[in-house]
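Just below is one structure, and these are the notes that go with it.
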Amino acid sequence: DRAGGGSHGGGADRSEARQAMEDFLTRHEASQIVRAAAAAVDPQTALRVFRSLEAREDFQYVEVLVISELRKHGDRDLPSGLASRVSAWLGGLAGMHKEHQKVLESRLLGQRADEIEYVLQLAENPAFEAEIVRKTDPAGWVMSRLMKFRSERTASAIDDFCWENGFDDEVQYQMRGLNPERARRLMKNWRPDPSLPVSKLRANFEVLIAQQVKQMKQIWDRRYKEEGEMVMNHYKVIQEWSEGDDDEDLPAAGESVGANSQSCADTYDADWALGGGPEPDGARPRPAPRSGRGSNGAEHFAVHSGTLDSRDQSARPQKRTPKPTHFILCLDTSGSMLNSDCRDANGWTKTRLEAVLS
């Protein structure tokens with residue numbers, strides 16, 4: 001049972017919301033810290049957050065993530081009638097699967113009211129509705145549009161904030177490098193104190209920005225390290241796969257095979273190749289491998305069996321190491337490949353598009 005079913009927001013009274021909230025907490029064996037965070041907000045708001053979380057295709061129960069979402073939405077509930085407008089809009093989308101409607105509704109109602117209004121405004125365009133019905137992952141597609149809207153709006157707010165408070169371009173650049181949620185929290189924490197000089201206030205604020213930038217850098221460094229380990233693990237798999245079992249029956253390099261053979265490599269005699277045939281008795285001695293020039297000026301080269309006419313080739317099997325010659329590349333063009341790539345500081349799994357825009 002996923003928490004995505006049933007009515008949302010005003011459709012469920014408080015007793016039903018409390019029961020559904022308790023079901024979520026029990027199902028995931030929530031700790032007392034999570035239960036306290038859920039009890040601190042309105043039951044309908046908590047239920048809306050839980051449904052939005054479980055509607056994510058890549059949802060994993062992480063306490064830090066649940067607490068963060070509860071705190072983010074705890075001080076603001078949706079305006080009256082907004083949830084019913086979303087339900088009415090989704091119900092009127094002909095051609096969309098009911099399960100897709102349910103997931104999209106849960107994801108959408110977990111966003112801010114102005115972001116939901118933005119999607120409803122987009123839905124007034126018939127082309128938008130036609131496009132969303134064709135998507136194999138409508139919720140992911142809508143959330144990517146929301147992320148773009150959120151990033152553009154946050155960037156504009158940062159520009160206004162820095163201009164109004166006299167921050168230079170460096171501060172503006174650093175704040176733009178943060179994800180929208182961190183940048184909004186920083187701007188919200190800016191409370192000028194008349195008892196302190198402006199220079200002191202700005203210095204304190206710049207320290208906060210530096211701390212946020214450092215945290216983001218640590219997250220990215222850890223992510224790059226994990227990705228590097230994944231690449232090395234993949235390399236080891238390919239390497240192990242390349243070493244076939246049939247190699248056990250082959251001799252090691254330089255190992256003799258049979259009584260009359262010297263090695264897995266033939267010795268190429270330039271004099272012999274240019275016309276000097278075998279000795280009259282037919283028993284031409286095989287020259288030993290050597291480098292440089294011999295006393296007669298002829299060069300000797302070591303070549304692998306099979307490159308030239310090889311003597312006693314059947315008695316000297318060649319050492320070979322199987323190598324992968326084909327790789328399979330799976331490309332998902334449905335858009336779902338954008339759903340599970342990155343995690344931010346709060347534990348959210350973000351899409352590649354979200355990571356780029358934030």
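Just so we're aligned, residue 1 is where the sequence shown starts under the UniProt record's numbering, counting upward by one. Cβ atoms here follow ideal geometry from the backbone N, Cα and C, with glycine treated the same way. Nothing here was measured: the structure is a model prediction, and the numbers come from that model.
Given a cut-off of 8 Å, decide if residue j and residue i are closer than it, judged by their beta-carbon atoms.
i, j, result
"V41", "L70", "yes"
"F149", "Y118", "yes"
"L109", "R48", "yes"
"A55", "M21", "no"
"R107", "S52", "yes"
"V196", "Q212", "The displayed chain sequence assigns Leu, not Val, to residue 196. In this structure, Q212 does not lie closer than 8 Å to L196 by Cβ."
"M175", "I158", "yes"
"A37", "I67", "yes"
"H97", "Y61", "no"
Output needed for residue i: all residues of its chain with C-beta closer than 6 Å, excluding positions within five of it in sequence on either side, in chain order.
i, result
"R14", "P43"
"R18", "P43"
"D249", "Any answer about D249 is weak, because its pLDDT of 46 lies below 50 and its placement is not dependable; what the coordinates show is given next. No residues qualify anywhere along the chain."
"D1", "Caution is warranted here: a pLDDT of 40 is assigned to D1, below 50, making its placement in the model unreliable, and the coordinate value is therefore given only provisionally. Correct list: empty, nothing qualifies."
"K135", "W141"
"F59", "L53"
"S336", "Here the model assigns S336 a pLDDT of 45, short of 50, so the residue's position is not dependable and the matter cannot be decided."
"Y224", "none"
"W204", "Per the sequence presented here, residue 204 reads as Asn, with Trp not at that position. Contacts found: none."
"K168", "In the sequence as displayed, the identity of residue 168 is Asp instead of Lys. Closer than 6 Å at Cβ, skipping near neighbours: no residue."
Leaving out the 5 sequence neighbours to the left and right, which residues in its chain are closer than 8 Å to residue i when beta-carbon positions are compared?
i, result
"L93", "Q101, E129, I132 and V133"
"residue 423", "Nothing in the structure corresponds to residue 423, since the chain is present only between 1 and 358."
"residue 363", "Here the chain has residues from 1 to 358 only, and residue 363 is not among them."
"L122", "F128 and R145"
"R184", "T154 and A157"
"I116", "L78, L82, V86, L108 and L109"
"G91", "Q101"
"R35", "L25"
"W89", "L120 and A123"
"P194", "none"
"G95", "V133"
"G166", "V198 and R202"
Can you list, in chain order, the residues of its chain with a C-beta nearer than 7 Å to that of residue i? Leave out the 5 residues immediately preceding and following it.
i, result
"R85", "L120"
"V171", "C162, E206 and I209"
"P192", "L201"
"T307", "Model confidence at T307 stands at a pLDDT of 47, short of 50, so the residue's coordinates are unreliable and nothing is read from them."
Does the beta-carbon of residue i, which I'm using as the reference point, lie nearer than 7 Å to any heavy atom of the ligand FMN?
i, result
"L196", "Of ligands this structure carries none, so the ligand FMN is not represented either."
**OP:** Check whether the region 136–143 touches the region 97–111, taking contact to mean three or more Cβ pairs, one atom from each stretch, closer than 8 Å.
**Re:** yes
Original post:
Would you say the region 146–162 touches the region 179–186, given that touching needs at least three Cβ pairs under 8 Å?
Top reply: yes
**OP:** Jot down the residue ranges of each uninterrupted alpha helix (DSSP H) in the region 32–67, minimum 4 residues, whole runs only, in chain order.
**Re:** 32–39 and 43–54
**OP:** Could you name each continuous alpha helix (DSSP H) segment of 4 residues or more that falls completely within the region 86–152, going from the start of the chain to the end?
**Re:** 98–109, 113–122 and 126–134
Subject >> Residue ranges of each alpha helix (DSSP H) within the region 172–235, 4 or longer >> reply: 180–189
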